[in-house]
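Using the working numbering, you'd call the opening residue of the sequence shown number 87 and step up by one each time. Take a look at the structure set out below.
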Amino acid sequence: MTQPSGDQQAYPPPYEPPHRGPRRRRARTAVVLGAAGVLGVVAIGGGAAAYQAYYATGDQPSQALPADTLAYLSVDLDPSGRQKLEALEVLERFPGFGEFSDEVGLDRDDVRRTLFDQIVDATPCADLDFDDDIDPWLGGRFAAAVVPDDTSPNVPELGGDVVFVAEVSDAAAASDGMERIADCGGEDEVGWAAEGSWLVVSDTSDAAERVLDGAGEASLADDAAYGRWTDAAGGAGILNVFVGSGAADQLVEALDGDLDDAIGDELGLAIGEADREAVRTAAEDFEGAALAARFADGGLEVVGATQARLGAEDGERPALTAGTAGDLAASLPDTTGAALAVGLVPYWYEALLANLVDGGLASEDVEAGVAAVEDETGLRLPDDLRTLLGEGVALAVDGERADLDTLEGSEGPQDLPLAAKVLGTDADEVRDVLDDLLEASGAPDEVDVAVEGGDGGSVALGFDDDVVADVAEEGGLGGTDVFEDVVPETDDVHALLFLDLRAGDGWLEDLARDLGDDELADNVAPLSAVGLSVRVDDDVARTVLRITTDD
Numbered sequence: 087m088t089q090p091s092g093d094q095q096a097y098p099p100p101y102e103p104p105h106r107g108p109r110r111r112r113a114r115t116a117v118v119l120g121a122a123g124v125l126g127v128v129a130i131g132g133g134a135a136a137y138q139a140y141y142a143t144g145d146q147p148s149q150a151l152p153a154d155t156l157a158y159l160s161v162d163l164d165p166s167g168r169q170k171l172e173a174l175e176v177l178e179r180f181p182g183f184g185e186f187s188d189e190v191g192l193d194r195d196d197v198r199r200t201l202f203d204q205i206v207d208a209t210p211c212a213d214l215d216f217d218d219d220i221d222p223w224l225g226g227r228f229a230a231a232v233v234p235d236d237t238s239p240n241v242p243e244l245g246g247d248v249v250f251v252a253e254v255s256d257a258a259a260a261s262d263g264m265e266r267i268a269d270c271g272g273e274d275e276v277g278w279a280a281e282g283s284w285l286v287v288s289d290t291s292d293a294a295e296r297v298l299d300g301a302g303e304a305s306l307a308d309d310a311a312y313g314r315w316t317d318a319a320g321g322a323g324i325l326n327v328f329v330g331s332g333a334a335d336q337l338v339e340a341l342d343g344d345l346d347d348a349i350g351d352e353l354g355l356a357i358g359e360a361d362r363e364a365v366r367t368a369a370e371d372f373e374g375a376a377l378a379a380r381f382a383d384g385g386l387e388v389v390g391a392t393q394a395r396l397g398a399e400d401g402e403r404p405a406l407t408a409g410t411a412g413d414l415a416a417s418l419p420d421t422t423g424a425a426l427a428v429g430l431v432p433y434w435y436e437a438l439l440a441n442l443v444d445g446g447l448a449s450e451d452v453e454a455g456v457a458a459v460e461d462e463t464g465l466r467l468p469d470d471l472r473t474l475l476g477e478g479v480a481l482a483v484d485g486e487r488a489d490l491d492t493l494e495g496s497e498g499p500q501d502l503p504l505a506a507k508v509l510g511t512d513a514d515e516v517r518d519v520l521d522d523l524l525e526a527s528g529a530p531d532e533v534d535v536a537v538e539g540g541d542g543g544s545v546a547l548g549f550d551d552d553v554v555a556d557v558a559e560e561g562g563l564g565g566t567d568v569f570e571d572v573v574p575e576t577d578d579v580h581a582l583l584f585l586d587l588r589a590g591d592g593w594l595e596d597l598a599r600d601l602g603d604d605e606l607a608d609n610v611a612p613l614s615a616v617g618l619s620v621r622v623d624d625d626v627a628r629t630v631l632r633i634t635t636d637d
């Protein structure tokens, strides 16, 4: 009921003498309409609430961090209703999930309790009780982040403070709980600040308060770069990562300091000025990146997004790849069990050399490397490479011929049902270059490569005549469910990896059983396929990893 406000007054309705018949119908009509109105409001409100619960991801820890946050990683133990259903649909297909869920549980409270118990077991806080000391205030969303600190960063190598953020339902109770945690742990170098729905933990309370104050002025959630790359990655998932442009600047400063020597000593590499210059150049271009993991369409999806390099405009490095890999892979036979495809721009060779020089290599060193390749292989660069790779190439393994016995018994690629499909080249020229390569390599006379011209200006080549003939034709891999589920879009895809885990009568499950692990075999059996694709759309490059399952 709407209540009067301000200087309005509520008056009773004017008296009306009773009427027979017609009045009763009007009264009954009013009751019906009133009831319908109430039910409509309830239905709309309930529908809106259900929609929110099913689709909405809710508040995220990015709201408690300042807009200039360098790096951010969050975990959501309380995702949308849709994500929970998707997760259950996928996980319940694995026999091992039942045992895992009995031990840990999928419910948010079970996961939090398990993590709490593991942390407490490693600390002197045995008297802490999850139900009494933690559960009343701890939420289900958490994050770790690096925020700038020019004065006294707690991790100088990262150029800022590492802080932790937790969702809370009661800020005062969270502060009390942190007090008990600090007391029992004997930790002097820990501080926190709690406000609204968030608790921030750092090495000092002042540092934690600065984080909340910075978020109050301008939060990471409202930052344009964060929003751009998070949206490009498909929005918030159960796991989220963001790296801001400031992180690249910090990396350059670290490399100019002692970090490069530490990395070099650890990896056994010498990091020179050319390497530093390559990092500086990349850092200048870097605008940010994001990654999100979520359950979708009966599987797991991980999407990463950052800016793309689209040619040489405005001083950008020239691109090497073109968006033809998706269509090239889609044209492979529908029996393909594995495929790797990349699209190439017509000037890819020149672009490669230019990028090597721009990355810090001396021109004379690049020229010496090219000469060495020519001497070792007998290739005439770049002409022979253009002939062999054309404007894109796809490698395909026939899934019907490649069972586990064939894979294990092969002594080389000549024993595998493998073929390549090349765009924009000539079959006779390919055959001539291959003959020269075989001769230069000293290959036995019985080794022969089949070459066959195909549809759409393509050429197929390989050691198995039948596989080559199949690959040369326009195939239907792109129309199969197993491919479409892991490669949702083929337009503008620059590179692609596809793996059918059930090809060859289930090679992955057979491999696990051959290893003598039936439990492992039972748990890989639901896996269907893996797809990894890099798609460039305008100025955004998206990398999509999909792992699908089936009953």
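We put the beta carbon where it would ideally sit given N, CA and C, even for glycine.
If you look at T392, you'll find it in the beta strand (DSSP E) that goes G385 to Q393.
Membership of V483 in the beta strand (DSSP E) is indicated by the continuous run G478 to D484.
Relative to A394, the option among A425, D371, A260 and R198 whose CA is nearest is D371. Taking one beta carbon from each stretch, the region 171–179 and the region 252–270 have fewer than 3 pairs nearer than 8 angstroms; the two do not touch. Secondary structure of N326 (DSSP, three-state): strand. When secondary structure is reduced to three states using DSSP, E462 falls in the helix class.
Restricting attention to beta strand (DSSP E) runs no shorter than 3 residues, the region 414–468 encloses them at 422–429, ordered along the chain. Where R380 is concerned, there is no enclosing alpha helix (DSSP H), although the beta strand (DSSP E) around it starts and stops at A375 to A382. If you look at T316, you'll find it in the alpha helix (DSSP H) that goes A310 to A318.
Secondary structure at G246: strand, using DSSP grouped into helix, strand and coil. G548 places its beta carbon 7 angstroms or farther from that of L583.
Using a C-beta cut-off of 8 angstroms, the region 309–322 makes no contact with the region 274–283, since fewer than three inter-stretch Cβ pairs fall below that distance.
Excluding sequence positions up to five before and after D623, its CB lies within less than 7 angstroms of the CB of D578, all in the same chain and listed in chain order. One Cα belongs to L601, the other to D484, and the distance between them is close to 24 angstroms. From the listed residues G302, S619, G225 and A333, the smallest Cα separation to Q149 is found for G302.
By the Cβ rule, the region 471–490 counts as touching the region 413–425, because three or more pairs are nearer than 8 angstroms.
Along the region 601–629, the alpha helix (DSSP H) occurs as fully enclosed runs of 4 or more residues at 604–610, listed in sequence order. Within its own chain, no residue has a Cβ closer than 6 angstroms to the Cβ of R472 once the five positions on either side in sequence are excluded. Assigned with DSSP and collapsed to three states, R517 falls in helix.
G225: member of the beta strand (DSSP E) spanning L224 to P234, first to last residue. Here V276 carries a coil assignment [DSSP, helix/strand/coil].
Here the alpha carbons of R199 and D217 stand approximately 9 angstroms from one another.
For F216, no beta strand (DSSP E) run applies, since DSSP gives it neither H nor E. Per DSSP, reduced to three states, the secondary structure at S527 is helical.
If you check the CB distance, D541 and E560 come in under 7 angstroms.
Residue pairing of A505 in beta bridges, as defined by DSSP: A482 and G548. Nearest to D469 by alpha-carbon distance, out of L481, T576 and V456, is V456. Comparing alpha carbon positions, the residue from G590, G144 and F183 closest to S166 is G144. Its Cα nearest to that of G323, the residue K170 stands out among I633, K170 and E477. Just measuring C-alpha positions, the residue of P210, E172 and D247 sitting nearest Y158 is D247. The C-beta distance from V428 to A581 rounds to 5 angstroms, short enough to meet the 8 angstroms contact threshold.
Non-local C-beta neighbours of A294 in its own chain, meaning closer than 8 angstroms and more than five positions away in sequence, comprise V249, G277, W278, A279, V286, V287 and S288, ordered along the chain. Pairing V533 with A546 gives a Cβ-Cβ distance that is not under 7 angstroms. In this structure A506 is in contact with A480, their Cβ atoms being roughly 7 angstroms apart against a cut-off of 8 angstroms.
It is roughly 18 angstroms from the alpha-carbon of A411 to the alpha-carbon of L438. Annotation for E538: the continuous beta strand (DSSP E) segment containing it runs A536 to G539.
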